[in-house]
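Colleague: I am attaching a structure below and will ask some questions about it afterwards.
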Amino acid sequence: KKVTAVAFVDDILFWSSDEAYINELGAKLREQGLLLEQEDDAAGFLGVRMSKTEEGFLEMKQTGLIDRILEALGLDSKLAKNKYTPAEATPLTRDEDGEGPQGSYSYASVVGMMLYLAGHTRPDIAYAVNCCARYMFNPRLSHENALKRI
Numbered sequence: 603k604k605v606t607a608v609a610f611v612d613d614i615l616f617w618s619s620d621e622a623y624i625n626e627l628g629a630k631l632r633e634q635g636l637l638l639e640q641e642d643d644a645a646g647f648l649g650v651r652m653s654k655t656e657e658g659f660l661e662m663k664q665t666g667l668i669d670r671i672l673e674a675l676g677l678d679s680k681l682a683k684n685k686y687t688p689a690e691a692t693p694l695t696r697d698e699d700g701e702g703p704q705g706s707y708s709y710a711s712v713v714g715m716m717l718y719l720a721g722h723t724r725p726d727i728a729y730a731v732n733c734c735a736r737y738m739f740n741p742r743l744s745h746e747n748a749l750k751r752i
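So for the sequence shown, the numbering used here puts the first residue at 603; every next one is plus one.
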């Protein structure tokens, strides 16, 4: 196993311990007619930053997207209090009689960003985000608070 290739639609990321293996594979693919553009690093690949841990594992992070979500919600990462779980123990309900939304942001937009995040690098928040997604067209204050908890 000389080269690891990660593909998504029309993006391909090559990873290897030796750049020569990547160059060799790239040349073979070009010979077969594949149009390849070379980037210097993987920092922008689908908005995902990749790094290798001390244990040799590949770690994927989307800190840029997380920062955009925090900014949209009006939260400061330095002041935010961590929770042990992304959702309350009780189910998130329709809350028809609850107070209306008070945020100056697009609830649907934030939910969309969180769905992307949950689907790519944060599967641990998927259940909580999907619970919030059920109320994208009529969010209440309780739903906004659930988003902020995540």
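For glycine and all other residues, C-beta sits at the position ideal for the given N, C-alpha and C.
Could you tell me which whole beta strand (DSSP E) segments of length 3 or greater appear in the stretch 642-699?
Modeller: 651-654, 660-663
Colleague: Around the Cβ of Q664, are there at least 16 other Cβ atoms within 10 angstroms (buried) or fewer (exposed)?
Modeller: It counts as buried.
Colleague: Evaluate contact between the stretch 650-664 and the stretch 711-726, counting only Cβ atoms and requiring at least three cross-stretch pairs below 8 Å.
Modeller: Touching, yes.
Colleague: In the DSSP assignment, find the alpha helix (DSSP H) that holds V605 and state where it starts and stops.
Modeller: DSSP places V605 in no alpha helix (DSSP H); its state is neither H nor E.
Colleague: Look up L615 in the DSSP assignment and give the residues it is bridged to.
Modeller: V608
Colleague: Tell me which same chain residues have a C-beta within less than 6 Å of the C-beta of T655, skipping the five on either side of it?
Modeller: E661
Colleague: How many angstroms separate the CA atom of F739 from the CA atom of S711?
Modeller: Those two C-alpha atoms are separated by around 11 Å.
Colleague: Report the rounded CA-to-CA distance for L681 versus N747, giving the unit in angstroms.
Modeller: Straight-line Cα distance between these residues: approximately 16 Å.
Colleague: Given this structure, state the Cα-to-Cα distance separating T606 from R742, to the nearest angstrom.
Modeller: 45 Å
Colleague: If we ignore side chains and look at the alpha-carbon of each, how far apart do S706 and E673 end up?
Modeller: 11 Å
Colleague: In three-state terms, what does DSSP make of R736?
Modeller: DSSP places R736 outside both helix and strand once states are collapsed to three, so it counts as coil.
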